[in-house]
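Here's the structure we're looking at; comments come further down.
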Amino acid sequence: MLRSTIINARRGLATTASPLIVKNNRILASVILSRTPQITRDATPFEEAYFDYREKLERQEATGTPSEFYFKKGSVAERRWKHEESARQEAMKDISSSLSDAVQESQVTWQKANEGLAVVAKAEKLDRVTEADKTDDKKSLDRSLKQTLYLVIKRAGDNVNPWQFPQGPVDTTEYLHEAAERTLKQECGVDMDTWFVGRQPIGLYKQSPTKGQEDSGVKTFFMKARVYAGQVKPSQDITDFAWLTKEELSKTLSPEYYKAIKDSLSNI
Amino acid sequence: MLNTVRTSAVRRATYSLCQSRLNSTVSTAPGGDTRLETIRRVLFEPTRRENVIALEGEMLEQHETIERAWKLHRMRLREQRERSLELQFRAMNAAMNELEKTSDKLFKGALVKSRHITYPKQAKIPTETPSTHG
Chain A
1 MLRSTIINAR RGLATTASPL IVKNNRILAS VILSRTPQIT RDATPFEEAY
51 FDYREKLERQ EATGTPSEFY FKKGSVAERR WKHEESARQE AMKDISSSLS
101 DAVQESQVTW QKANEGLAVV AKAEKLDRVT EADKTDDKKS LDRSLKQTLY
151 LVIKRAGDNV NPWQFPQGPV DTTEYLHEAA ERTLKQECGV DMDTWFVGRQ
201 PIGLYKQSPT KGQEDSGVKT FFMKARVYAG QVKPSQDITD FAWLTKEELS
251 KTLSPEYYKA IKDSLSNI
Chain B
1001 MLNTVRTSAV RRATYSLCQS RLNSTVSTAP GGDTRLETIR RVLFEPTRRE
1051 NVIALEGEML EQHETIERAW KLHRMRLREQ RERSLELQFR AMNAAMNELE
1101 KTSDKLFKGA LVKSRHITYP KQAKIPTETP STHG
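In order, the protein sequence lines correspond to chains A and B. Under this note's numbering, the residue at position 46 of the first sequence is numbered 46, and the numbers go up by one with no gaps. Basically this note's numbering = 1-based index in the second sequence + 1000.
What follows is the structure in structure tokens.
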């Protein structure tokens, strides 16, 4: 008697979770997985001109730096600093050249003139345009570092929206954010370091049931998540995936789908 | 015994050295003595104030125009950002309203705040050049 109840209880716990259908609408949870911008945007010409204006104004008002305090008399560092100072003074009279540009140019000429001297260890700076930018590799997370990248997958079966965000049905046993996490793991693999931003959905896409058929309507709730490392490992259903910026999304997604989610995406 | 004698002798020697060095800075002799003067000047001399540019006459208009243009630019950027945020909020609001209508359980589950609210350490602000670690 006891054993049969235990067996029944165990079977009860292991019920197949059935997809949630409320008032003839299937509920789907989808994930908008985004990679935030990694580098700052370029300064507009007006901004650059303004920064230069302020810099030169400040320099006019400032007291000079006591070079005897900072540099030993007759040392290499002092000569280098004097070289940069003369470049800065030249740039003060010249409208087109900014102070920082002048300093950079003077550094280049200094390097050329004094190749024999011991070079101070310079910090390694990578290029702002990456390899992925040059090859336009849509699967790479290193492309277009100034903008946000969103993950979209291509599903074989769906003809209305071939490209979509990873989505899957919500079970009766779970909440939205749990469904979204599970869907992401199932469809895109576990190789990514992701973080879900809270439990609330950020967007909604409704598909009304096609009249005259037994099809149910669909409500897709989009959850927000961020990716920090790793790459997608697509599962069997998915034929293709890509990391796209917002403009590219507007061209790739179907117009209705894009209209539903475009407000939730950030403009940077 | 010997040690104490040595240390006291050393102490007397350094004391006399200090005295002689301090005495010598009174004169402006070249060499190492000017270092102290430089240090004193950098630390204590009040910064000259005559360099403050008097607000120019005709140039004042130009300066004010530039400043106004800058403030306008910043205002436009700020409003763009705020508009985008407002759109995001509206979309989220609509989604939550819809959720409330569809399923009570899901809605309550979405409203619950997690017990341990953590923010990932990997979330970094944008830098000027990409990270060397990839």
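Ideal Cβ positions, reconstructed from N, Cα and C, are used throughout, including at glycine. Here the structure is a predicted model, which means the values were calculated and not measured.
For the pair A:R128 and B:T1129, the CB atoms are nearer than the 8 Å cut-off. Residue range M1059 to T1102 is occupied by the alpha helix (DSSP H) that includes B:M1075. A:K93 has a beta carbon lying at 8 Å or more from every beta carbon in chain B.
Given a length threshold of 4 residues, each whole run of the alpha helix (DSSP H) inside the region 66-146 of chain A is given here in chain order: 67-70, 76-93, 99-113 and 131-135.
Annotation for A:P255: no beta strand (DSSP E) segment contains it, though the alpha helix (DSSP H) segment containing it runs P255 to I261. Listed by position along chain A, the residues whose Cβ is nearer than 8 Å to that of B:M1096 are Q200 and P201. Distance from the CA atom of B:E1082 to the CA atom of A:A62, rounded to whole angstroms, is 37 Å. Among the residues of the region 238-264 of chain A, those with a Cβ less than 7 Å away from any Cβ of chain B are D263 and S264, in the order of the chain. One Cα belongs to A:K224, the other to B:A1054, and the distance between them is close to 54 Å.
With contacts defined as CB atoms closer than 8 Å, A:V152 and A:P19 fail to qualify as a contacting pair. For A:Q207, no alpha helix (DSSP H) encloses it; the enclosing beta strand (DSSP E) starts and ends at D193 to Q207. Taking every protein chain shown into account, the CB of B:I1125 has fewer than 16 other CB atoms within 10 angstroms, so this residue is exposed. In the three-state reduction of the DSSP assignment, A:S264 falls in the helix class, which pools H, G and I. A:E187 counts as buried, since at least 16 other C-beta atoms from the protein chains shown sit within 10 angstroms of its C-beta. Under a criterion of Cβ atoms nearer than 9 Å, the residues of chain B adjacent to A:L126 are, in order, T1129, P1130, S1131 and T1132. According to the DSSP assignment, A:S30 belongs to the beta strand (DSSP E) that extends over N25 to R35. At a cut-off of 8 Å between C-beta atoms, A:N24 does not count as an interface residue with respect to chain B. The beta carbon of A:K259 lies closer than 7 Å to none in the same chain, with the five residues before and after it left out. Relative to the Cα of A:K185, the nearest Cα in the group A:R199, A:H83 and A:P166 belongs to A:P166. Between the alpha carbons of A:K112 and B:L1060 lies a distance of about 42 Å. Taking 8 Å as the threshold, the shortest C-beta distance from B:A1123 to chain A falls below it. For the region 31-43 of chain A, the residues whose beta carbon sits under 9 Å from a beta carbon of chain B are, in order, T36, P37, Q38, I39, T40 and R41.
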